[in-house]
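Colleague: According to my numbering, the stretch in the sequence shown is residues 46 to 443, in order.
Each residue gets a CB set at the ideal place from its N, CA and C atoms; glycine is no exception.
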Amino acid sequence: MYLRPIAAASNAVLESELRRLEVDESCLGIFLDKKDSFLLKIKGMLTPAANILKQTALSLGADVAVHRDVITGKVDCSDALFMGTRRQLGRVAVSLSGQPFGLAGFEKQIFTLLGNLENPPSSINLPKSALPLDRPVIMGVLNVTPDSFSDGGSYLEPSAAISRLEEMLNEGADIIDVGAESSRPGADAVSTDTQIERLNPVFEYLKTKDIHWSIDTTSPLVAERAIKAGASIINDVSGGKVPELWSLASRSGAAYVLMHSKGVPKTMQNDPQYDDFNEELYEFFRAKLDEINAIGLSVKKMLIDPGIGFGKRVHDNSLAIARLAELKAFGVPILVGASRKSFIGKLLGLEVGERLEASIAASVISYLNGASILRVHDVAEHRRALDAASLISKGGER
Numbered sequence: 046m047y048l049r050p051i052a053a054a055s056n057a058v059l060e061s062e063l064r065r066l067e068v069d070e071s072c073l074g075i076f077l078d079k080k081d082s083f084l085l086k087i088k089g090m091l092t093p094a095a096n097i098l099k100q101t102a103l104s105l106g107a108d109v110a111v112h113r114d115v116i117t118g119k120v121d122c123s124d125a126l127f128m129g130t131r132r133q134l135g136r137v138a139v140s141l142s143g144q145p146f147g148l149a150g151f152e153k154q155i156f157t158l159l160g161n162l163e164n165p166p167s168s169i170n171l172p173k174s175a176l177p178l179d180r181p182v183i184m185g186v187l188n189v190t191p192d193s194f195s196d197g198g199s200y201l202e203p204s205a206a207i208s209r210l211e212e213m214l215n216e217g218a219d220i221i222d223v224g225a226e227s228s229r230p231g232a233d234a235v236s237t238d239t240q241i242e243r244l245n246p247v248f249e250y251l252k253t254k255d256i257h258w259s260i261d262t263t264s265p266l267v268a269e270r271a272i273k274a275g276a277s278i279i280n281d282v283s284g285g286k287v288p289e290l291w292s293l294a295s296r297s298g299a300a301y302v303l304m305h306s307k308g309v310p311k312t313m314q315n316d317p318q319y320d321d322f323n324e325e326l327y328e329f330f331r332a333k334l335d336e337i338n339a340i341g342l343s344v345k346k347m348l349i350d351p352g353i354g355f356g357k358r359v360h361d362n363s364l365a366i367a368r369l370a371e372l373k374a375f376g377v378p379i380l381v382g383a384s385r386k387s388f389i390g391k392l393l394g395l396e397v398g399e400r401l402e403a404s405i406a407a408s409v410i411s412y413l414n415g416a417s418i419l420r421v422h423d424v425a426e427h428r429r430a431l432d433a434a435s436l437i438s439k440g441g442e443r
C-alpha cells in the first residue's frame, strides 16, 4: 500500500481516476463535484481496510471513492481516492492508528507525505555551498555538441562555449549545465573519449570559476572527470539506468538528478506508450528513489526531473507539467527542462527559434506547480519572467 497525491488539472483527469477505480456510476457525479478537494490515492488496500477508511472519512466530513464492489466484499482489494481537506486527512490518519488490515503504518505515511507537500526543500547541499531554493533557480544550458536540437554546433569551439557560459552567468543563471552528447530524439550515442575531448577546454576554464555547475551525461567516466574539475551536480539523462553514477555521487558528495526517460535517445520517440502516464511516472520515482537510497546516496542529495521530451507523447509532456505537484510528495527538489522542446512546437505549430514565449510559459507553470530548478536556453528572459512569477505569487514579498 502506498500513497500518491492527485493533482486534478481538469474534470477529465478526475473522471479518469474514478473510472480506473471502477466506482459505482451513480456516484460519479457526486465525486466529480469534489474536484477542488485535496485528493489522495491509496494504492492496493485490502477490502476491509478500504471500508474502514471510507467510513472513518465520512464520519469526519470527508469522503473516499472505492471500487463499487468493496461494499459487497466481492473484491479482495481496491485502490481508494480520499477527497477532503488536508486537516481532515490528518484526523483520519490519527483515527486509523493501530487499525488492522494493513492500516497500522497509515498515520506515519500520511504525515510524512503531508510534511513533504507543505514544507518543500529550502536548499540543496552542494559540495561548494548550499544552493537556496527560495526563488526560482535557473540552470543555463551549454551544449558542446554539433547536433543538439536547438543550438547544435553553436558552442563546439572552446572560445564560443566559454563566451556563452559567461554570458549566461551575467544574465542570471544559478547553475550551468554542461554536456557534450546530444540527447535529442534520434541522436546517436557519443563515445566517452569524444565527450571528454569536447569538454576538456571547458573543464579547464571551469576550474578557475567558483560557481555551481552540472555535467549532463550518462557516462561515469565523463562525470568523474567533471567532478574533478569542480562539478557539483550529476545530471543523469539515462533514466537512472547507470548505477555507477549513483555510486559516484555518493562517494563525491555531488548532487544527483534522477530523470524519467523511456528508452534511449536514438529510439525513445518511436511510438512511446503508457497505460496511465502520471501513475507510471510516480511509480518510477517511488521505486528508483528507494533503490538509489539503498546504495547509500541520501535523498537529501537527489533531485528529480520528469524528463520532458524523453520518451513521451505531446499530451504526456503536458500532463507532466500540469500535474507536477504530485511529485512534491517525494520531498526532493524538482527540476524541469521544457525549454524549446518539440512538444511546444507540436502544440502551437512553431519551429525551434519561435518557441521562446511558450518555453517561458511552460517554465512558469512548472515553477508554480512545484519545480525549484528550471533548465533553460534563454536565461535573461526566463530570469525576468520567473522572478516576476515568484514575487507575484508571494504577494510582492521578497
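Tell me the residue span of the alpha helix (DSSP H) that contains Asn338.
Modeller: That run of the alpha helix (DSSP H) goes Phe322 to Ala339.
Colleague: If I measure Cβ to Cβ from Glu426 and keep anything under 7 Å in the same chain, skipping five residues before and after, which residues do I get?
Modeller: Closer than 7 Å at the Cβ level, and outside the excluded window around Glu426, lie Leu401 and Ile405.
Colleague: Check whether the stretch 346-354 and the stretch 258-274 touch, using three or more Cβ-Cβ pairs below 8 Å as the test.
Modeller: In short, these stretches do not touch, since the Cβ pair count stays below three.
Colleague: What's the gap between the Cα of Ser387 and the Cα of Val421?
Modeller: Cα-Cα distance, rounded: 14 Å.
Colleague: Out of curiosity, what's the CA-to-CA distance linking Ile389 and Val115?
Modeller: Roughly 43 Å between the two C-alpha positions.
Colleague: What is the residue span of the beta strand (DSSP E) that Asp281 lies within?
Modeller: Segment Ile278 to Asp281, the beta strand (DSSP E) holding Asp281.
Colleague: Alpha carbons only, please: which of Leu59, Gly354 and Leu73 is nearest the one belonging to Leu84?
Modeller: Among Leu59, Gly354 and Leu73, the Cα nearest to that of Leu84 is on Leu59.
Colleague: Bridge partners for Leu126 per DSSP, in chain order?
Modeller: For Leu126, which the question treats as bridged, DSSP gives the partners Lys86 and Ala110.
Colleague: For Ala299, does the count of other Cβ atoms within 10 angstroms reach 16, so buried, or fall short, so exposed?
Modeller: Buried.
Colleague: Just curious, the beta strand (DSSP E) that Glu259 is in, first and last residue?
Modeller: What sits at residue 259 in the sequence shown is Ser, not Glu. Note, Ser259: beta strand (DSSP E), His257 to Thr262.
Colleague: Taking Cβ positions, are Arg113 and Glu62 nearer each other than 7 Å?
Modeller: Their beta carbons are not under 7 Å apart, which means Arg113 does not touch Glu62 by this criterion.
Colleague: Go to Val58, then tell me how far its alpha helix (DSSP H) extends in each direction, as first and last residue.
Modeller: Segment Asn56 to Leu66, the alpha helix (DSSP H) holding Val58.
Colleague: Identify the continuous alpha helix (DSSP H) that holds Asn362 and give its terminal residues.
Modeller: Residues Val359 to Ala367.
Colleague: Is it true that the CB of Asn164 sits closer than 7 Å to the CB of Asp222?
Modeller: In this structure, Asn164 does not lie closer than 7 Å to Asp222 by Cβ.
Colleague: For Ser259, count neighbouring Cβ atoms within 10 angstroms of its own Cβ and tell me buried if that reaches 16, exposed if not.
Modeller: Flag for Ser259 reads buried.
Colleague: Specify, as a first and last residue, the run of the beta strand (DSSP E) that Arg420 falls within.
Modeller: Ile418 to Val421 is the span of the beta strand (DSSP E), which, as asked, contains Arg420.
Colleague: Flag this pair as yes or no: are the beta carbons of Val377 and Arg385 separated by less than 7 Å?
Modeller: Cβ atoms of Val377 and Arg385: not closer than 7 Å.
Colleague: With which residues is Ser168 paired in a DSSP beta bridge?
Modeller: Answer is Pro177.
Colleague: Over the uninterrupted alpha helix (DSSP H) stretch that includes Met213, give me the two end residues.
Modeller: Met213 -> alpha helix (DSSP H) spans Pro203 to Asn215.
Colleague: What whole-angstrom Cβ distance do Thr237 and Ser264 have, given they're in contact under 8 Å?
Modeller: Indeed, because the Cβ distance is near 5 Å, the residues count as touching under 8 Å.
Colleague: Should the stretch 281-298 be regarded as contacting the stretch 236-251, the criterion being three or more beta carbon pairs within less than 8 Å?
Modeller: Output reads no: the stretch 236-251 does not touch the stretch 281-298.
Colleague: Just checking, does the stretch 47-55 make contact with the stretch 364-374 on the three C-beta pairs under 8 Å criterion?
Modeller: Yes: the two stretches touch, three or more of their Cβ pairs being nearer than 8 Å.
Colleague: Skipping 5 residues on each side, what residues in its chain have a beta carbon closer than 8 Å to that of Gly106?
Modeller: Correct list, in chain order: Gly129 and Gln133.
Colleague: So which of Gly440, Asn362 and Glu399 has the shortest CA-CA distance to Ile410?
Modeller: Among Gly440, Asn362 and Glu399, the Cα nearest to that of Ile410 belongs to Asn362.
Colleague: Determine the contact status of Tyr47 and Lys88, defining contact as a CB-CB distance below 7 Å.
Modeller: Against a cut-off of 7 Å, the Cβ pair of Lys88 and Tyr47 comes out as a contact.
Colleague: So, using beta-carbon positions, are Leu364 and Asn414 closer together than 7 Å?
Modeller: No, the Cβ-Cβ distance between Leu364 and Asn414 is not below 7 Å.
Colleague: When you compare the CB positions of Ser417 and Phe355, do they come within less than 7 Å of one another, or not?
Modeller: It is not a contact, given that the beta carbons lie outside the stated cut-off.
Colleague: Within the continuous alpha helix (DSSP H) that includes Gly50, where are the two ends?
Modeller: The sequence shown places Pro at residue 50, rather than the Gly named in the question. Run containing Pro50: none in the alpha helix (DSSP H); it sits in the beta strand (DSSP E), Tyr47 to Ile51.
Colleague: Which of helix, strand or coil does DSSP assign to Ala430?
Modeller: It is helical.
Colleague: Alpha carbon to alpha carbon, how far is Ile75 from Gly143? Give it in angstroms, no decimals.
Modeller: C-alpha separation (whole angstroms): 31 Å.
Colleague: Looking at the secondary structure, which residues open and close the beta strand (DSSP E) in which Val247 lies?
Modeller: Taken as a continuous stretch (DSSP letters only), Val247 belongs to no beta strand (DSSP E), being part of the alpha helix (DSSP H) at Thr237 to Leu251.
Colleague: Leaving out five residues before and five after Asn170 in sequence, what residues of the same chain have Cβ atoms less than 7 Å from its Cβ?
Modeller: If we look at Asn170 and ignore the five residues flanking it on each side, its Cβ neighbours are Lys345 and Lys346.
Colleague: Looking at the unbroken alpha helix (DSSP H) that takes in Ile410, where does it start and where does it end?
Modeller: It spans Leu401 to Leu413 - the alpha helix (DSSP H) in which Ile410 sits, taken as one unbroken run.
Colleague: Can the beta-carbon of Asp350 be found closer than 7 Å to that of Leu380?
Modeller: Closer than 7 Å, so yes.
Colleague: Decide if the stretch 115-125 is in contact with the stretch 156-163; the criterion is three or more beta carbon pairs, one per stretch, under 8 Å apart.
Modeller: No, the stretch 115-125 does not touch the stretch 156-163.
Colleague: Could you tell me the distance, in whole angstroms, from the CA atom of Ile183 to the CA atom of Ser277?
Modeller: When rounded, the distance between both Cα atoms is 15 Å.
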